[in-house]
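Each residue of the sequence shown is one higher than the one before, counting from -9 in our numbering.
Okay, so here's the structure we're looking at.
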Amino acid sequence: MATSVCLPRPLATGARASISLPARPRRLPRPQRRPHRLGGAAVGMDALHVSSRDAEPLLRPVSAAAAATAHRRLRVRTHAQGADESAKDAGDGAAAGADYSLAAVILPFVFPALGGLLFGYDIGATSGATISVHSAELSGTTWFNLSSLQLGLVASGSLYGALGGSILAYRIADFLGRRIELMTAAALYISGALTTGLAPNFVVLIIGRLLYGVGIGLAMHGAPLYIAETCPSQIRGTLISFKELFIVGGILFGYLVGSYEIDVVGGWRYMFGFSAPLAAIMAVGMWSLPPSPRWLLLRAVQGKGPVEDNKKKAMNALRRLKGPSASDKVLTDEIENNLSSIKAAYADQAEGSIFQVFEGASLKAFTIGGGLVLFQQITGQPSVLYYATSILQTAGFTTASDAAKVSILIGLFKFVMTGVAVLKVDDLGRRPLMIGGVSGITVALFLLAAYYKVLSGFPYVAVGALLLYVGCYQLSFGPISWLMVSEIFPLRTRGRGISLAVLTNFGSNALVTFAFSPLQGYLGPANVFLLFAAISLLALLFVILNVPETKGLSLEEIESKILKK
């Protein structure tokens, strides 16, 4: 999210943590059949996206004995740079060599992250489905002769729904809680996929697309929050960024499903409907998980529930997350510590409203988070991908004439580069990846402009610039923007602030999508790329001047040390 929904285009730190994750992401096979075109998706919501590092360490080492006997473990070693920080946050995984149960990390991550995978899948599958539904031979309907406006609604219907879902999340997400919000998103995914796949006419098809989009809006809000509030703080950045890998993997998966169904009569029904069983897995998984303990404590502090009752519920939720090896004393201490930190952060502050998001520390946070997701969309990724097929064809890659193969090639490259960002975000930090990535994006856009103006005889320059752009985007705006959004907002306005960031992302995505065609006709490709390059220079300046480094800081430390400076 990021994430950008691609519409019908021709192609479309205190502490330093080192971790080893249990398994590498599986590389998907190359398809052998032809599908659709690559829809430019700035996976950055590229939605999913909220970060972690202080969702507050609700998962901490249990005890030396318990750590020694646990069956499989994820090693997290922290290297304190100062004695005061480790003394100050003794419960925040300060012990060197602290161990965390894999079950406590994997399940609360995987099921929410499926919401991101389903968002990405919609982007990839839609690029093939729009071809299938519009084909007289392949549509299998009597209403296949859709106008350009109707075809645009098929492709962008989920985007409009996501905008509505973002607004809905702003109003109800803090009341429902992260778990119920994600279960609701899964239900909307299922209903939207089935309605679309079984649609008897165009109107029902669009209704299904809208329902699915509302699910996207809720999932992109709730998933990062739940992950951030239940994962160990030492690997929050890695897990939140890893969710971005799920989105990119979903895009690639959508391309693959489309490639196998594109020649089937009525194949668009299977492309859209295939997401229903995946959403059912997400729904069952979220039902099996407990509520966020931190959210339960927050509701108690807000006066939305009895303190003692919510503490007991939070204790039970934390025990389910950490497993039976955790002692009552460890759980009690952790709950009390987190309750104290929430009370301290919430002292003398009313519950966040839309106006408070634009005041004081919250305004600074929204400037950072909202600015990142805005630049994520307006630096032109959909437009760059629009020209990918023609660039590869002019370079002599004859197989690039098949849009499906180009889509899968770009998707695989995006997947690999996102994996690099995931592995390095808690090592190098957020700020270096953003500065380096946006710098590369700027260079790539100037090279593409030069190719269309004066370097048309050197097509490999364009191919290199295209890959440079995609790679640098996935190192920076793709995963890091949403990681920063999830970390940066103060406690009292976090839910509403993230809702506004999601809304900004989808709104700017829609703006770029609709403005691209007239800009292309009026300016031509060379000047369009020059315009995006100038915007990227502004984005680089914004990152250098405004985006802080949050690696190694708890959520409370981000608020006190960065936002209130």
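Note that CB positions come from ideal geometry on N, CA and C, so glycine has one too.
The residue among Gly114, Ala152 and Gly105 with its C-alpha nearest the C-alpha of Ala500 is Ala152. Note that the stretch 197 to 209 touches the stretch 177 to 188; at least 3 beta-carbon pairs, one per stretch, sit closer than 8 Å. Under the rule that a run must span 4 or more residues, the alpha helix (DSSP H) segments found entirely inside the stretch 119 to 203 read 138 to 166 and 168 to 187. With respect to the 8 Å criterion, Gly167 and Ser282 are classified as neighbours on the basis of their beta carbons. The stretch 243 to 263 and the stretch 119 to 128 touch, with no fewer than 3 CB-CB distances between them shorter than 8 Å. Of the other Cβ atoms in all chains shown, fewer than 16 fall within 10 Å of the Cβ of Val193; this residue is therefore exposed.
DSSP, read as helix, strand or coil, puts Val254 in coil. Within the same chain, Cβ atoms closer than 7 Å to the Cβ of Ala439 are found at Ala516, Phe519, Leu520 and Ala523, the five residues on either side in sequence being excluded. Between the stretch 396 to 409 and the stretch 429 to 444, the count of C-beta pairs closer than 8 Å stays below three; the two stretches do not touch. By the criterion of a C-beta distance shorter than 8 Å, Val406 is surrounded by no residue of its chain, once the five residues flanking it on both sides are discounted. Between the alpha carbons of Arg284 and Lys541 lies a gap of roughly 21 Å.
The three-state reading of DSSP puts Thr540 in coil, since its state is none of H, G, I, E or B.
The beta carbon of Leu321 sits closer than 8 Å to those of Met305, Leu308, Arg309 and Lys312, all from its chain and outside the five residues before and after it, given in chain order.
The C-beta of Ser466 has 16 or more other C-beta atoms within 10 Å across all chains shown, which makes the residue buried.
Cβ neighbours of Phe243 within its own chain (closer than 8 Å, five residues either side excluded): Leu18, Leu107, Gly110, Tyr111 and Gly114. Val502 has its alpha-carbon roughly 24 Å from the corresponding atom of Ala355.
DSSP places Gln464 in the helix class (H, G or I) of the three-state scheme. One thing to note: Leu172 has its Cβ no nearer than 8 Å to the Cβ of Phe496. In this structure, Ala455 lies near Leu437, with their beta-carbon atoms less than 8 Å apart. In the three-state scheme derived from DSSP, where H, G and I count as helix and E and B as strand, Gly275 is classed as helix. Ile488 and Ser330 have their C-alpha atoms spaced approximately 24 Å apart. With respect to Leu362, Val537 sits close: the two C-beta atoms are nearer than 8 Å. Leu490 is positioned such that its CB atom lies closer than 8 Å to that of Tyr160.
With contacts defined by Cβ atoms closer than 8 Å, Pro214 and Trp472 form a contacting pair.
Around the beta-carbon of Pro296, fewer than 16 other beta-carbon atoms lie within 10 Å, marking it exposed.
CA-CA distance, Gly256 to Glu234, rounds to 31 Å.
Taking each of Tyr459, Leu513, Tyr260 and Leu458 in turn and checking the Cα distance to Lys443, the smallest one comes out for Leu513. The residues Gly227, Ile470, Leu473, Met474, Val537, Glu539, Thr540 and Lys541, in chain order, have a CB closer than 8 Å to that of Arg420 in the same chain once the five nearest residues on each side in sequence are set aside.
Take the alpha-carbon of Phe479 and the one of Leu509: they are about 35 Å apart.
Distances from the CA of Gly240 to each of Phe348, Ile157, Gly105 and Pro280 were compared; the closest alpha carbon is that of Gly105.
Beyond the five residues adjoining it in sequence on each side, Ile525 comes within less than 8 Å, by CB distance, of Phe365, Ile368, Thr369 and Gly370 in the same chain, given in chain order. Glu326 counts as exposed, since fewer than 16 other beta carbons sit within 10 angstroms of its beta carbon.
Taking the C-beta atoms as reference points, Gly263 is found nearer than 8 Å to Leu184. Asn300 has its alpha-carbon roughly 8 Å from the corresponding atom of Arg289.
At least 8 Å separates the beta-carbon of Gly198 from that of Gly118.
Closest by C-alpha distance to Phe506, out of Tyr463, Val374, Leu528 and Lys319, is Val374.
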